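Report on the structure given below.
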Amino acid sequence: MGRHQRAETLGLISFLFCSMIAFAAMSLYIQFAPAIWQVTQRRLSVCAGVICACGVVSFCIGYASNSRSLTLKHGWWMPIRRIFEIVALSVVYAATIFLSSFAMLNAVNSLMGMHLFGGYLPAVCAGFAGVVGYITFVQAELMNAKTIASLLPLFVISGVGTAGLTTDDPNWYHNNFSQLGDRTTFAANMFNATLMLAGTCIIIVSYFAVSELITTERLQRLCRRQMQAGGAEISSAARQGAAGGRPGAVAEVKHDVGRETRHDEIPHFRVRIVILSTLLTVSGLAFIGIGVFRYTPHYIMHNVCAKGLPIVMGVLLLALPWLAPRLSKAMYVVSDLAILVCAAFGINMLMGYNTLTNVEALAGMFFLGWFIVFSRQIAAIEADRVQQQLVILQAGASLGIGDAQVIAAARSGSGVDAGAMAEEDRSAAALESRLASDR
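Residue numbers are given in this note's numbering: position 383 of the sequence shown equals residue 383, and the series is strictly consecutive.
See below:
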């Protein structure tokens, strides 16, 4: 049984277990919970929490079951780092599952009413938990950056939409989003929690995105050093390996390797990556700050986070060509257009033709949309890197040249520091990204 078929099979098993556990848990809750916890919103929150717990446990089992880093073979740091990554991804999935489930349950409850919907709640909880358990287990087995980035808008829209529909302030939209969260009601807490979870998820996804940029740059430098140091030895070995093989094989290997090494090294790469990481982290912290510090009791901190976020976003989008030069030019154009559109709407608002709520919604959706595209661009870089490495290794294998032979030839043919090259090799030679479940 192959990897994908095994993932689907185990996903079905997860569906069955999650359904049974959720049905039993929700039935016991409805039967034994005190009256204060039988209020509609609390009952729906508990149901969403049960679904969330089933999904997160299913994800953790699926993601950690194939991991090769949860051993002490390479010391304590590797398993600790892997556990941190599993917890971080679990937070993203927990936020997405809880807010999305609550939004759907609240919508169905509005249509049917709790008197009618309450009798179906255990069965609905079991069905949702089973589907979530199946999806999370399969995604955990086949995890990639595009999947994790696509989760962000789902729970943000669910959380903000639910807060807007359940608030007792019908005039909040005429002022700004801060008024929606400037209360102690359920809707305000839902809105603030959504912002805090969104900021946390931005920081987590940024960690994996920046890690992939670092891995790609290390591999580029490693391959370039090998080619510069041992070009003659590799060419000789390639000719010997191709003597009895097909014509043009040497040229193919050179073309594949040259395609991997044609780009120049990015100057000041460490400075750029630190600035990029800082800006992404600060933007996530700003989202968290807006949710933590409500306007009325903490208006100074709230304004610092709310008004500082557009500044950080503007600097990030304008400096993107310098911070991440490996991205496509279309990404830079989209970033500049986003700034121009937001600036135009801001000027329109200052002239009295628009509301601050519209400008905030536009800027927030633009940033979240940009962040998704940014993450998917880096996921595409990772996919291209893996594909190029596989092509090079396959071409070298057809000539009888293994990866170890190429590295040995490179190290033996020059005065390049072998220790530095070995460090680069150990840190970046793996084909999988940091998101891979079997890492």
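Where is the CB? At the ideal position from N, CA and C, for every residue including glycine.
Fair warning: this is a prediction, and the values are worked out from it, not measured in the lab.
Tell me whether residue i is buried or exposed, calling it buried when 16 or more other Cβ atoms sit within 10 Å of its Cβ.
i, result
"A33", "exposed"
"L350", "exposed"
"F293", "buried"
"Q179", "buried"
"G133", "buried"
"S449", "The structure shown does not extend to residue 449, since the chain spans only 1 to 439, so no value can be given for it."
"H115", "exposed"
"A286", "buried"
"Y353", "exposed"
"S158", "buried"
"G119", "exposed"
"L222", "buried"
"G113", "exposed"
"L219", "buried"
"V274", "exposed"
"K307", "exposed"
"V271", "exposed"
"A35", "exposed"
"V333", "exposed"
"L99", "buried"
Note down, in chain order, each residue of its chain lying with its Cβ closer than 7 Å to the Cβ of residue i, except the 5 sequence neighbours on either side.
i, result
"V359", "F345, G346 and M349"
"M26", "C47, V50, L121, P122 and C125"
"A165", "What sits at residue 165 in the sequence shown is Leu, not Ala. Within the same chain, L165 has no close Cβ partners at all."
"M301", "G289 and F293"
"I83", "none"
Whole angstroms are fine: how far does the CA of residue j sit from the CA of residue i?
i, j, result
"G11", "F17", "10 Å"
"L89", "Y173", "33 Å"
"A48", "I266", "47 Å"
"A324", "F374", "10 Å"
"E217", "F269", "8 Å"
"S58", "K146", "20 Å"
"L393", "N175", "59 Å"
"V87", "G289", "22 Å"
"I21", "H4", "26 Å"
"I97", "R81", "24 Å"
"L197", "V92", "8 Å"
"A163", "L195", "11 Å"
"N106", "A361", "23 Å"
"V386", "R225", "19 Å"
"T71", "E85", "15 Å"
"C60", "M143", "12 Å"
"L213", "G2", "30 Å"
"G245", "Q388", "Unreliable placement is indicated for G245, whose pLDDT of 48 sits below 50; the coordinate value is still reported in the next sentence. Rounded to the nearest angstrom, the two C-alpha atoms are 22 Å apart."
"T184", "K329", "45 Å"
"C305", "Q31", "44 Å"
"S67", "T357", "45 Å"
"L441", "T355", "This structure does not reach residue 441, given that the chain is present from 1 up to 439, and the question cannot be answered."
"D169", "L28", "35 Å"
"N303", "A363", "16 Å"
"A103", "H298", "29 Å"
"G161", "W37", "24 Å"
"I311", "D384", "33 Å"
"I135", "T167", "31 Å"
"L111", "A380", "42 Å"
"S65", "V315", "41 Å"
"N171", "F177", "11 Å"
"F23", "I372", "35 Å"
Just checking my contact of residue i with residue j at CB under 8 Å: how many whole Å lie between their CB atoms?
i, j, result
"V56", "A94", "5 Å"
"C52", "S101", "7 Å"
"S211", "A129", "About 32 Å; that fails the 8 Å criterion."
"Q377", "L320", "10 Å between Cβ atoms; not a contact."
"A188", "Y63", "That pair is no contact at about 34 Å."
Suppose the cutoff is 8 Å on Cβ atoms and the five residues either side in sequence are ignored; what does the same chain contact list for residue i look like?
i, result
"N109", "T40, L44 and F117"
"G317", "One detail in the question is off: residue 317 reads as Leu in this sequence, not Gly. Cβ within range, chain order: S335, D336, A338, I339 and W370."
"V131", "F15"
"F366", "A338, V341 and C342"
"I148", "L89, V92, V205, F208, S375 and L435"
"W322", "R272"
Which residues in the same chain as residue i place their Cβ atom closer than 6 Å to its Cβ, once the five residues preceding and following it in sequence are excluded?
i, result
"V138", "A7 and G11"
"T523", "The question about residue 523 has no answer here: the residues shown for the chain are numbered 1 through 439."
"G284", "G199, I202 and I203"
"F447", "In the structure displayed, the chain extends from 1 to 439; residue 447 sits before or after that span and is not available."
"G291", "N192, L195 and M196"
"M331", "Q377"
"L309", "A286"
"M313", "F367"
"E260", "At E260, the pLDDT of 45 sits below 50, so the modelled position is not reliable and the matter cannot be decided from this model."
Does residue i have its Cβ less than 8 Å from a Cβ in chain D?
i, result
"I13", "Absent from the structure is chain D; it holds one protein chain and no more."
**Message:** Across the region 201-210 and the region 280-291, are there enough close Cβ pairs to call them in contact, namely three or more that are closer than 8 Å?
**Reply:** yes
**Request:** Flag this pair as touching only if the region 72-84 and the region 151-165 have three or more C-beta atom pairs under 8 Å; answer yes or no.
**Result:** no
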